[in-house]
Amino acid sequence: PRLANQIAAGEVVERPASVVKELVENSLDAGASKIEIELEKGGTKLIRIRDNGCGVAKEELQLALSRHATSKVTSLDDLEAIISLGFRGEALASISSVSRLTFSSCTAEQNEGWQACTEGRDMAVKVQPVAHPVGTSVEVADLFFNTPARRRFLRSEKTEFGHIEELVKRLALSHFEVHFSLKHNGKVVKNFRPALTLAQQEKRVAAICSNQFMQHALAIKAQHGDLALSGWIIEPQGARAQNDVQYCYVNGRMMRDKLINHAIRQAYADKLPSHLFAGFIIYIQVDPAEVDVNVHPAKHEVRFHQGRLVHDFILQTLNDALLNHEP
Ligand code: ADP
Ligand code: MG
């Protein structure tokens, strides 16, 4: 099973940032309101994620670390309409096959925490009691220690950290209600407190994307049946300096999507020179049954069943916002 897991790991675990992504998505799925991320050496030496989510019960610990064990899909219907971020039940098994992984957790029903370690050659999991508040801590040490070929693909500490920093920004933009902190080599580098009001959210956006972006941003909000759109787009005058801010979320997931990008580009078509792409942060909510998210294992791509409708809704909303806006 370890080999199979290592092969699967190739799909899911490309670099430290992919580990952080899977672990933080698990924390979000667990309903955490606070997620602490700690790294050493760009995550290559250590990644530690602490959350205050629901935790994993002692009896479920071993299962959680084994392949295709997911608590998130219990029927085919669920697969049709996936709401939670993770659902393949592969991440933890894959990560543990290429690192030394320690998973500690406590549920509200338990009066003590339990810890599982998957260090070593086989998948044997050792479970022991541990002092732990309700929630989960996952430690991933020495990523790729047993897969030298993959370890060679790791870039410098600075580059790997850069990828994680960008990821944390994207996550912080998708879950304003969650407190995120990021520590690197013992220093706090990011600390985003829960942002509940629009003003607090705009402050978080400014901290993540720059003050200029926020100064030139137009807030958007629209609804059409099951489809909802919100976020910020840049006013055309501000586009030049801020075209690197391009964030798109579908049902809380970060996405890159041709159809969405096309709609945005079209909205600015007569307002910007064609080489400029306007900055945006866009949140799309759509009936989960209307969208396929499993196009790629990394889940960056999305396929809308009614692509045309989504495209035109975005275009219409942006056109309205740009039209109503007086320069
Ligand atoms: P998936 O997220 O696709 O279900 P994972 O391998 O990422 O698969 O996780 C396996 C299972 O472990 C999850 O379904 C969940 O039950 C449990 N789990 C993992 N991380 C956490 C966490 N931070 N808090 C609570 N449960 C967790
Ligand atoms: Mg997961």
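Residue numbering for the sequence shown follows full-length UniProt numbering, starting at 8 and increasing by one per position. Glycine is no exception: its CB is placed at the ideal position from the N, C-alpha and C atoms.
Proximity test, residue i beta-carbon vs the ligand MG heavy atom, cut-off 7 Å
{"i": "Glu29", "result": "yes"}
{"i": "Glu184", "result": "no"}
{"i": "Ala98", "result": "yes"}
Residue of the options minimising C-alpha distance to residue i
{"i": "Phe168", "options": "Val26, Val134, Gln323 and His318", "result": "Val26"}
{"i": "Ala246", "options": "Ala270, Gln219 and Gln208", "result": "Gln219"}
{"i": "Leu236", "options": "Pro243, Val257 and Gln222", "result": "Val257"}
{"i": "Ile171", "options": "Val31, Ala39 and Ser73", "result": "Val31"}
{"i": "Arg310", "options": "Pro243, Ile291 and Ile227", "result": "Ile291"}
{"i": "His182", "options": "Phe287, Glu29, Lys28 and Ser40", "result": "Ser40"}
{"i": "Ala296", "options": "Ala270, Trp239 and Leu234", "result": "Leu234"}
{"i": "Ile42", "options": "Arg200, Gly193, Leu205 and Ser281", "result": "Arg200"}
{"i": "Val20", "options": "Val147, Thr125 and Thr204", "result": "Val147"}
{"i": "Asn326", "options": "Val293, Ala100 and Ala270", "result": "Ala270"}
{"i": "Ser73", "options": "Phe110, Arg55 and Lys278", "result": "Phe110"}
{"i": "Ala24", "options": "Glu116, Ile56, Ala37 and Gly38", "result": "Ile56"}
{"i": "His332", "options": "Glu184, Ala202 and Glu242", "result": "Glu242"}
{"i": "Gln69", "options": "Gly60, Asp299 and Leu99", "result": "Leu99"}
{"i": "Ser112", "options": "Ile102, Gly142, Ala37 and Ser104", "result": "Gly142"}
{"i": "Asn192", "options": "Gln230, His223, Arg107 and Glu45", "result": "Glu45"}
Any non-hydrogen atom of the ligand ADP closer than 7 Å to residue i Cβ
{"i": "Thr143", "result": "yes"}
{"i": "Val147", "result": "no"}
{"i": "Asn33", "result": "yes"}
{"i": "Cys61", "result": "yes"}
{"i": "His327", "result": "Looking at the sequence shown, residue 327 is not His but Asp. No; taking the cut-off as 7 Å, the Cβ of Asp327 has no heavy atom of the ligand ADP nearer than that."}
{"i": "Ala64", "result": "no"}
{"i": "Ala224", "result": "no"}
Residue(s) in a DSSP beta bridge with residue i
{"i": "Leu169", "result": "With the sequence shown as reference, residue 169 is identified as Gly, and Leu is not the correct amino acid for it. None, per the DSSP bridge assignment."}
{"i": "Asp58", "result": "Ile42 and Thr143"}
{"i": "Pro136", "result": "Trp121"}
{"i": "Gln47", "result": "It is Glu, not Gln, that sits at residue 47 in the sequence shown. According to DSSP, Glu47 bridges with Leu53."}
{"i": "Thr114", "result": "None; Thr114 has no bridge partner."}
{"i": "Thr154", "result": "Thr154 is not bridged to any residue."}
{"i": "Ala148", "result": "Leu53 and Arg107"}
Every unbroken alpha helix (DSSP H) within the UniProt domain "DNA mismatch repair protein S5" (212-330), with a cutoff of 4 residues, ordered by chain: 218-222 and 265-274
Do the region 46-56 and the region 154-166 touch if we need at least three Cβ pairs shorter than 8 Å? yes
Count Cβ pairs between the region 204-221 and the region 260-273 that sit closer than 8 Å; are there 3 or more? no
Taking contact to mean at least 3 C-beta pairs separated by less than 8 Å, is the region 109-126 in contact with the region 134-151? yes
Threshold first: 3 residues or longer. Then list the beta strand (DSSP E) segments lying entirely within the region 162-208, N to C. 186-191 and 194-199
With three or more beta-carbon pairs closer than 8 Å as the criterion, would you say the region 174-190 touches the region 144-158? no
Looking at C-beta atoms only, is the number of pairs between the region 273-292 and the region 189-204 that lie closer than 8 Å three or more? no
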